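Since the structure comes first, as structure tokens, the remarks are kept for the end.
Residue numbers (the numbering used here), protein chains in the order written: chain U, 1143 to 1468; chain H, 1143 to 1468.
Below, the structure is given as structure tokens:
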């Protein structure tokens, strides 16, 4: 049995509750929140505690799953929490991973715990797809396509524009680019050739839609480098048609082998997800199992998805896995 | 540097030569053959030895890659070779994996070596896809589709029919079945609903084609449960259009999460391979690297793809992997 805790109760925290309930070897013991615990209604029998009470529960939880954001929460919370628990986070600021790894590694080695960082699907399962396919096809090219799915960062960026009441942004892979890559053509693709961006926007009454559309399409980093379409819709349409958080994508590597590099091979790992946070939660719970097992086996320090023998993620034992999954 | 040997010089052995040449940390030292070594012309600078000389080279090779067949070679050869070397084999008789694992494990623990079994793409990379997706989506269904690709076992079976001069059999997934699975419909599929079989046959002069076609279509285990089509072609057409050994397929798992299991997720791992033996060779070489590293780290015994931290497969170091692949 692995006793789980959650720090942070948003979409991801709620996803962990569902995922823990699906795994008979997991018991969700505690939800920690920065809000007033009395104001929180949750979907399970876990107890709700203040985030400031973490240390007091250090003997009652095997793995704490970090459900905060990557921008400001996790860089501070994960090295702190790993003083008391094995932890798993979904830190996804790719450029800052080496620094975050180092901070968590130092704290985890000191406390004798395991600190998994950057677990989820990208980084996470997509990273594994990249690593395996690079280890196999040495002479090749990598492609990652995201979507069709909701980018919360881009949706937030649109919402911050004056006159915008609500917004939802979908990242969409360009079908011709995906087809060319799958076909082993190893194309060189610009940013705009890989993805388009679709925005659904509810404008405030009387707002200048032409200005909003222009501000979106010219926004640096977020939209300026892409072909972006903007659809103005009513709040009713937004609530009816754009409530979900679907996402997904594909990691594709094509490579050459043999005499004269005559043979082409394509490896593709694809996800199609109805709910981004619920799927991410399933991944986090599987790695929480591994964190607990690795720590029981005497391992400590920061870890990523690259460091786990896959068998440690599975509830079933190795004999079963060899007989039924190999 | 990992010093490699090959036991058996067929399609797979030749593939290992190419794969070793693509990996700058690999050096192919020796090819062992059951034929007269003097009669063997190879594509690299490795030395050719008789298979009976294995033991004499035990200090000059770090990992021996087993390139024999699963039916009779590997069950005998792998436990024998692991007395002297770390070994990697591609044993693919799924039903006999537990027994083969046990035999290799005993011998490898005694000799202090690593014995990887069942490495390749199925078993191998497809097994990993099944394990990861089962660990993540606990409440779901698994599907494996093979092809479109050449099944050498089925091609051989057709060649054994009286009046057949040459034959090539393609396993083909049924597009409607794949589409339904990808769509998250979790269909229950019979054998015939998942794959069809296409045979290209060169009949000997004067042979009764109707009888040959009937013998193929009613052959138990191989064809009787499938929709099979038979095309009679000339030897020229066979040599021109069916020389290659392409293969591939998809492992798909769909699962449900969330309140009322309302959300469906699909994980798919797909391969499209111009050359089945060359791709399998690339996988074997990556696991040979891991075998060497694991043994240097003090590990021994039988291993499968489930037991390796993925980072051990990659030539690049963990810092590089975290910065560029995570």
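Ideal Cβ placement from N, Cα and C applies to all residues, glycine included. Predicted, not measured: the structure shown is a model, and the values here were computed from it.
Partners in chain H for residue 1409 of chain U, counting only beta-carbon separations shorter than 7 Å: 1413
Residues in the region 1417 to 1431 of chain H having any Cβ partner in chain U nearer than 7 Å: Here the close residues are 1417, 1420, 1421, 1424, 1425 and 1428.
Assigned secondary structure, residue 1333 of chain H (DSSP; H/G/I helix, E/B strand, else coil): helix
Nearest candidate by alpha-carbon position, reference residue 1317 of chain U, set U/1240, U/1391, U/1452 and U/1193: U/1391
With 16 other Cβ atoms within 10 Å as the buried cut-off, status of residue 1362 of chain U: exposed
Where the beta strand (DSSP E) through residue 1150 of chain H begins and ends: Run containing residue 1150 of chain H: none; DSSP gives neither H nor E here.
Interface residues of chain U facing residue 1443 of chain H [CB-CB closer than 7 Å]: Against chain U, a Cβ distance below 7 Å from residue 1443 of chain H picks out nothing, because the smallest value is about 12 Å.
7 Å Cβ shell around residue 1193 of chain U - same chain, five flanking residues per side excluded: 1149, 1174, 1175 and 1176
For residue 1206 of chain H and residue 1223 of chain H, believed in contact at Cβ under 8 Å, the rounded distance: 5 Å
Contacts of residue 1278 of chain U in chain H (Cβ-Cβ under 7 Å): 1424, 1425 and 1428
Beta-ladder partner(s) of residue 1359 of chain H, from DSSP: Beta-bridge partners assigned by DSSP to residue 1359 of chain H: none are found.
Sequence-distant residues of its chain with Cβ nearer than 8 Å to residue 1301 of chain U (five each side left out): 1308 and 1309
Test item: CB-CB of residue 1469 of chain U and residue 1272 of chain H under 8 Å: Given a span of 1143 to 1468 for chain U in the structure shown, any question on residue 1469 of chain U remains unanswerable.
Range of the contiguous alpha helix (DSSP H) that encloses residue 1299 of chain U: Counting along the chain, residue 1299 of chain U sits inside the alpha helix (DSSP H) bounded by residues 1294 to 1301.
Alpha carbon of residue 1443 of chain H to alpha carbon of residue 1253 of chain H, nearest angstrom: 9 Å
Bridge partner(s) assigned by DSSP for residue 1243 of chain U: Paired residues: none, contrary to the question.
Beta-bridge pairing of residue 1142 of chain U - partner residues as DSSP gives them: A query on residue 1142 of chain U cannot be resolved here, the shown segment of chain U reaching from 1143 to 1468 and no further.
Cutoff 7 Å; reference residue 1406 of chain U; Cβ partners in own chain excluding five residues on either side: Excluding residues up to 5 positions away in sequence, 1326, 1396 and 1398 lie with their Cβ nearer than 7 Å to the Cβ of residue 1406 of chain U in the same chain.
Own chain partners of residue 1419 of chain H with C-beta closer than 7 Å, once the 5 adjacent residues on each side are dropped: 1153, 1154, 1157 and 1387
First through last residue of the alpha helix (DSSP H) which encompasses residue 1378 of chain H: Note, residue 1378 of chain H: alpha helix (DSSP H), 1377 to 1383.
Under 7 Å from the C-beta of residue 1406 of chain U: neighbouring residues of chain H: 1416
The region 1447 to 1463 of chain U contacting the region 1428 to 1442 of chain H, beta-carbon criterion three pairs below 8 Å: no
Interface flag, residue 1539 of chain H vs chain U, CB-CB below 8 Å: Residue 1539 of chain H lies beyond the residue range present for chain H, which begins at 1143 and ends at 1468; the question has no answer from this structure.
Span separating the alpha-carbon of residue 1311 of chain H from that of residue 1457 of chain U: 39 Å
Spatial neighbours of residue 1427 of chain U in its chain, beta-carbon cut-off 7 Å, leaving aside the 5 residues before and after: Same-chain partners within the cutoff: 1158, 1161, 1162, 1165 and 1168.
Within 8 Å, strictly: CB atoms of residue 1261 of chain H and residue 1425 of chain H: yes
Residue burial classification, residue 1208 of chain U (beta-carbon count within 10 angstroms, cutoff 16): Counting every other CB atom within 10 Å of its CB across the protein chains shown gives residue 1208 of chain U a total of 16 or more, marking it as buried.
Chain H contact for residue 1464 of chain U (CB, 8 Å cutoff): At a cut-off of 8 Å between beta carbons, residue 1464 of chain U contacts chain H.
Reduced DSSP secondary structure (H/G/I, E/B, other) of residue 1265 of chain U: coil
Nearest-angstrom Cα separation, counted from residue 1368 of chain U out to residue 1463 of chain H: 28 Å
Residue 1289 of chain U beta carbon less than 8 Å from that of residue 1384 of chain U: no
Of the listed residues H/1238, H/1293, H/1357 and H/1191, nearest to residue 1180 of chain H (C-alpha basis): H/1191
Min CB distance residue 1269 of chain U to chain H below 8 Å: yes
Residue 1299 of chain U to residue 1247 of chain H span [Cα, whole Å]: 56 Å
7 Å Cβ cut-off: residues of chain H touching residue 1446 of chain U: Within 7 Å Cβ-Cβ: 1464 and 1468.
Residue 1286 of chain U - partner residues in DSSP beta bridges: U/1393
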